[in-house]
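Structure (structure tokens):
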């Protein structure tokens, strides 16, 4: 598209010239120019239908006296002269577009931002063309030139579309002359501007469609490479260094994403999903799920999920699912990291338990010193553990109670008061920051010192270590003992590894392990579920030395008429079962919760007596340690 090649310019004719005048100009020009070209120009301009395109592609709103200024501008641009003095903003968008298209071959392509704003300007001008205004201008000039008026708006619109095709061809020439990296970069810049309504849509769409066609073979080739790598990894997980293969896939996807990014952005703005991107994204997500669910390769699955999150934001529904995947995987990773961090604590607790039982049977000062050393060590581990503050304190109190129970036993049963004092003083050093514990220990120490000094050395120092179940007007209550430690550790992380992924086209999702229906034949730690029709908090459970219930053991009627017992914290009961229930004290208020449709309780099998003293004699040997309900 170049105004200098217009038939009007060739013959020196005006849009107001009559048929006779055009013939005269053609005959005169034939003496100086190619006669066949002049004849073509005359034939086109004297045919009412054929001349429509020439009229639309000519500055219709520019007076004959001003037309030369436009050609001076084009010549100055071609010569590299300054054009700051020219201003064509008063003319129509169509005229401005025709002027710019006449100069496009001289555009500076060394600067991508200049190319970007050239395209955006052309796109805006084309978007602003009003076909009815153009029809009006054409017919106004035809009245002067005595040519028949144009009746059909579609004829004008067809001529405008020709300008669009010429614009596309001109820009295609500029783009394809760039290096591939620069072509990709400018296409991405334009696609990002596609969301800017001020810049228009159609010309940018044409540029991106042309880009898509130009790189179609490369896009398909790289896509297939990724799919092949994913398939290889999926089929060979056990035989390869999966981390290296995942790194290769991630690098390949990032490279491919840069190539397909312009197409993704435009499709996203149009409310469509780019099909190649969705195919690649689904394949990678399925591999990530397999790596986690079947092989526990969490780090590799996270790497794949991160690249999906970074590269496929233009697929909105899929992107939301990947966000959920990412959260699930991070929870699973955190849980496993926590399990590793907790193992040394559990090991130390087992050693403390052994020492406590040994010292209760026979006092050995070396074992007492080792016990104190172990208590100090595990207390330090607990203070820096990944548990929440409430769980940390529960665990520390339980450790203190186990050790204190040793002091009580050696004093009461064997009158070895000095050993008891030694243990209590060590416990004060470690646990004085817990107010309730410190108060009790200070009282123990005072009593032990008094008895040691008393003349009647036979007075027995006695401290309550546990209590049996009791009942009142509210729920029953049981006392937590030291060996609830492991249950507290389990509950601190319970249920956080389950998947919250929404369904996908492949119906794949993350899972940590399968559940089985609860029964008394299962071993502790097994993940279970039970279908229940009602639930009642029968027993309240509190830590020794406290009157506040921290947990409850609930009697549940199953969908088959049986009974299962479920252990949960008071907070869990209020959150998941009944927010209005008051369970913190023995005289609390609650109502039995019944369900018209059976609810599914999820949790792990736990031995009742490991949770609270004599709980098993009041409930059943094994109970469900609650994690969730649906």
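In this note's numbering, the protein residues as written are 2 to 631. Note that the Cβ used here is the ideal one computed from N, Cα and C, for glycine as well. Since we're looking at a predicted model, the values are computed, not measured.
Boundaries around residue 531 are those of the beta strand (DSSP E), 528-544, since no alpha helix (DSSP H) includes it. A distance of 8 Å or more separates the beta carbons of residue 529 and residue 617. Within the same chain, Cβ atoms closer than 8 Å to the Cβ of residue 90 are found at 97, the five residues on either side in sequence being excluded. Residue 408 and residue 542 have their C-alpha atoms spaced approximately 24 Å apart.
One Cα belongs to residue 274, the other to residue 320, and the distance between them is close to 11 Å. In the DSSP assignment, residue 304 falls outside any beta strand (DSSP E) and within the unbroken alpha helix (DSSP H) covering 299-312.
Counting only the Cα atoms, residue 114 lies some 29 Å from residue 277. Less than 8 Å separates the beta-carbon of residue 30 from that of residue 13.
By the neighbour-count criterion, in which 16 or more other beta carbons inside 10 Å mark a residue as buried, residue 561 falls on the exposed side. Assignment of beta-bridge partners to residue 604 by DSSP yields 529 and 627. Under the three-state reduction of DSSP output, residue 82 falls in the coil class, being neither helix nor strand. When 93, 626 and 601 are compared, the shortest CA-CA separation from residue 612 is found for 626.
Between residue 423 and the set 372, 548, 160 and 547, the nearest pair of CA atoms involves 372. In this chain, residue 413 is not harboured by any beta strand (DSSP E); it is covered by the alpha helix (DSSP H) spanning 390-415. Residue burial is scored here from C-beta neighbours: residue 64 has fewer than 16 other C-beta atoms within 10 angstroms and is therefore classed as exposed. Restricting attention to 263, 619 and 203, the CA atom closest to the CA of residue 190 is found in 263. Taking one beta carbon from each stretch, the stretch 159-172 and the stretch 218-228 have fewer than 3 pairs nearer than 8 Å; the two do not touch. For residue 204 and residue 302, the gap between their C-alpha atoms comes out near 41 Å. Annotation: residue 615 to residue 622 spans about 10 Å, alpha carbon to alpha carbon. Counting along the chain, residue 570 sits inside no alpha helix (DSSP H); it lies in the beta strand (DSSP E) bounded by residues 564-570. Residue burial annotation: residue 214 is exposed, with fewer than 16 other C-beta atoms found within 10 angstroms of its C-beta. Cα atoms of residue 608 and residue 550: separation of roughly 20 Å, rounded to the nearest angstrom. Contact holds between the stretch 391-410 and the stretch 344-358, because three or more Cβ pairs, one in each stretch, are under 8 Å apart. Between the stretch 248-255 and the stretch 294-310, the count of Cβ pairs shorter than 8 Å is three or higher; the stretches touch. Distance from the CA atom of residue 596 to the CA atom of residue 231, rounded to whole angstroms, is 47 Å. Between the alpha carbons of residue 361 and residue 329 lies a gap of roughly 46 Å.
Taking all protein chains in view, the Cβ of residue 288 is crowded by 16 or more other Cβ atoms within 10 Å, so the residue is classified as buried. According to the DSSP assignment, residue 553 belongs to the beta strand (DSSP E) that extends over 550-559.
Residue 16 holds the alpha-carbon nearest to the alpha-carbon of residue 61 among 36, 16 and 76. Beta-bridge analysis with DSSP links residue 595 to 535. Where residue 154 is concerned, the enclosing alpha helix (DSSP H) starts and stops at 154-177. The beta carbon of residue 176 lies closer than 6 Å to those of 184 in the same chain, with the five residues before and after it left out. Distance from the CA of residue 75 to the CA of residue 172, rounded to the nearest whole angstrom, comes to 18 Å. By the CB criterion at 8 Å, residue 599 and residue 532 fall inside the cutoff.
Taking 8 Å as the cut-off, the beta carbon of residue 527 is found closer than this to the beta carbon of residue 517. Exposure of residue 311 is indicated by the presence of fewer than 16 other C-beta atoms within 10 angstroms of its C-beta.
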